[in-house]
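Here the structure comes first, spelled out in C-alpha cells, and everything after it is commentary.
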Amino acid sequence: MSAGMQTIIYPVKDLGRAKALFSALLEVEPYADEPYYVGFKAAGQDVGLDPNGHAKGMTGPVPYWHVTDLRERLAALVAAGAELLQDAQDVGGGRLIAFVKDADGNLVGLLQDPAA
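For the sequence shown, this note's numbering assigns the number 1 to the initial residue and increments by one for each residue that follows.
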C-alpha cells in the first residue's frame, strides 16, 4: 500500500550552494544537515539533497512513494519491468529507500518508515 509521494530527493554537485538555494525557496532551515544528505520539511513535503546522487544513477529529482512494505513493492516493480538502480538500503533509524528506472527512463523511488 502507498501513502503517496511525500519525499523528493535532488542529486546535487555543490551541497552548500544547493542548501542555500533550497533554504531560500522553502524559507526553512534543514532538519538534517550532514555531508552526505541535507533534508528540509516544508508544506508536508520532505525535500532532500544528495551529493552522491549522480554517482548512484540519479539523473534528476527522484520522487519517493511512501509504502508500507518496500521490499514487496520493489519486487513488484522489478517484475513489471523496472530496472533496479538502488536496492533497499537503511538510511538511518530503520528508514528504507530504494529506486528503479521505468521503461521510459523515469526514476521512481520507494521509502518505508520504520513505523510502517
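We treat Cβ as the ideally placed atom computed from N, Cα and C, and that holds for glycine.
Note that the coordinates shown come from a computational prediction; the quantities given were computed from them, not determined experimentally.
Between P30 and G39 a beta carbon distance of about 6 Å is seen, short of the 8 Å cut, so the two are scored as contacting.
Excluding sequence positions up to five before and after A82, its CB lies within less than 6 Å of the CB of V100, D102, all in the same chain and listed in chain order. By the Cβ rule, the segment 10-18 does not count as touching the segment 69-82, because fewer than three pairs are nearer than 8 Å.
The shortest C-alpha to C-alpha distance from L84 to any of D90, V91, L74 is the one to L74. Of the candidates A115, D33, G94, G93, D33 places its Cα closest to the Cα of V47. Proximity to L25 across P11, P35, A42 peaks at A42, based on C-alpha coordinates. The bridge partners DSSP lists for P63 are I8.
With fewer than 16 other Cβ atoms inside 10 Å of its own Cβ, T59 counts as exposed.
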